[in-house]
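Okay, structure first, notes after.
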Amino acid sequence: MAKKEKDGQEAKPRKPRNPGPAWLKAAKALAKLDARRAEIIADLSEEDQAKAERLAKDIAAG
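Numbering (UniProt numbering), first residue to last: 1 to 62.
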């Protein structure tokens with residue numbers, strides 16, 4: 001049964017969301033991560049930035 005709008009006409013069916021190719025979605029997510037990383041790093045002194053980056057690499061390495 002189709003939903004009806006306030007004026008009594010049937011509502012148009014919704015189109016499925018197509019986010020595009022997977023590489024585009026990944027690129028957008030990486031860009032957001034890069035921006036967030038820059039915000040976090042900007043709040044630190046140069047010495048603390050170096051420490052944080054080294055520790056992050058160690059954590060990522062496992």
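Note that the Cβ used here is the ideal one computed from N, Cα and C, for glycine as well. These figures come from a predicted structure and were not determined experimentally.
Just checking my contact of L44 with A52 at CB under 8 angstroms: how many whole Å lie between their CB atoms?
6 angstroms
Under 8 angstroms between the Cβ atoms of I59 and Q49?
no
Report the rounded CA-to-CA distance for R37 versus G20, giving the unit in angstroms.
25 angstroms
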